[in-house]
Amino acid sequence: MRLKDRIAIVVGAGQSPGEGMGNGRATAITFAREGASVLCVDRNLASAQETVGLIEARGGKAAAFEADVTKERDLKAMVEEAPRRWGRLDILHNNVGVSLAGGDSELLQLKEEAIDNCVAINLKSCILAAKYAIPIMRNQKSGAIINISSMAAITVYPYVAYKATKAAMIAFTEQLAYQNAEYGIRANVILPGLMDTPMAVDTRAKAFGKSRAEVAAARDAQVPLRHKMGTAWDVANAALFLASDEASFITGVTLPVDGGASVQRG
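Here it is in structure tokens:
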């Protein structure tokens, strides 16, 4: 019960179409398993409710909340819902992000609409969620914010808008950390590497016209550790550590969860 009596918001707690478990759903389940009450936020309410069902089946506490993260009013309502329902807000976990699914591409094929879409979902949503969470956490003199960036931010990655927005998320998290440390608020960012999730694998299989098995095998081959992609549970466990008191002296940290891929930089 490492998060006993904590109140958490997990943004992107639903599930992309495809096989396996996504990072947001796994994190929501993990937080609840460890004692938190979890507001499961997604633009697809039915998918968020599925996550709630999985949590409640394990004896946990959760509620679903529908929000379009590109709209400030939805993010404001989302942040207000947790203390309205449970009295406080201890953890904000920003998990949403798009690349190919948002129309991203290499530079010469990149369209303005794709840039705007990726910025709105990947970066602006994270900033605006924090805008409304920080006053609550400052008043409490405590809180943990965990943002999900990507190894794409610091390694070779071909698609422009995703790389740029995920890199910006690291800088924003560092700013959150040093501007709010005096209030007892911690902010850290996780960089998942090649993960076996529906968004990462099934989306690429569809975009590239390949089978899921082909895409998965190509990604596995690039991972130094056991030549096997990570899973959503690896990201969830890293988030659990950063949300818990075990990380009470850790803020402003960029944590790769990548099977050793970051060792290859340079």
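Adding 10 to a residue's 1-based position in the sequence shown gives its number in the numbering used here. No residue lacks a Cβ here, since even glycine has one placed at the ideal position from N, Cα and C. Please read all numbers here as calculations on a predicted model, not as lab measurements.
The three-state secondary structure of Val89, taken from DSSP, is helix. For Thr264, there is no enclosing alpha helix (DSSP H); the enclosing beta strand (DSSP E) has its first and last residue at Thr264 to Val267.
For Lys71, the enclosing beta strand (DSSP E) stretches over residues Lys71 to Glu76.
Listed in chain order, the non-local C-beta contacts of Ile17 below 6 angstroms within the same chain comprise Ser47, Ala92, Trp96, Arg98, Leu99 and Asp100, local neighbours out to five positions each way being set aside. Our two residues, Glu44 and Leu13, have alpha carbons roughly 5 angstroms apart in a direct line.
Taking C-beta atoms under 8 angstroms as the contact rule, Ala38 and Ala23 qualify, at a distance of about 4 angstroms.
Proximity to Leu64 across Lys151, Val263 and Phe41 peaks at Phe41, based on C-alpha coordinates. The beta carbons of Ala139 and Leu102 sit closer together than 8 angstroms. A Cβ-Cβ contact shorter than 8 angstroms links Asn105 with Val20. A check of alpha carbon separations from Ala249 across Ile195, Ala154 and Gln25 identifies Ala154 as the nearest. As the crow flies, the alpha-carbon of Lys71 is around 10 angstroms from that of Cys50.
For Asp255, the secondary structure class from DSSP, reduced to helix, strand or coil, is helix.
Under the 8 angstroms Cβ criterion, the segment 225 to 234 counts as touching the segment 197 to 216, having at least three qualifying pairs.
Inclusion of Leu133 and Met88 in the CB contact set at 8 angstroms is not warranted, their separation being larger than that value. Counting every other CB atom within 10 Å of its CB across the protein chains shown gives Leu85 a total of 16 or more, marking it as buried. Sixteen is the threshold: since fewer than 16 other Cβ atoms of the shown chains lie within 10 Å of the Cβ of Gln119, the residue is exposed.
About 14 angstroms separates the CB atoms of Thr175 and Ala111; that is not less than 8 angstroms, and the two are not in contact.
DSSP, read as helix, strand or coil, puts Asn54 in coil.
Across the set Thr261, Thr80, Pro145 and Glu122, the C-alpha of Thr80 shows the shortest separation from the C-alpha of Cys136. The continuous stretches of alpha helix (DSSP H) do not include Leu201, which lies in the beta strand (DSSP E) extending over residues Ile195 to Pro202. Residue Pro168 holds the alpha-carbon nearest to the alpha-carbon of Asp114 among Pro168, Ala77, Gly194 and Ile164. The C-beta separation of Gly32 from Met209 comes to about 6 angstroms, placing the pair in contact by the 8 angstroms criterion. Excluding its 5 nearest sequence neighbours in each direction, Ser159 has C-beta neighbours in its own chain below 6 angstroms: Lys176, Met179, Ile180, Val199 and Leu201, listed in chain order.
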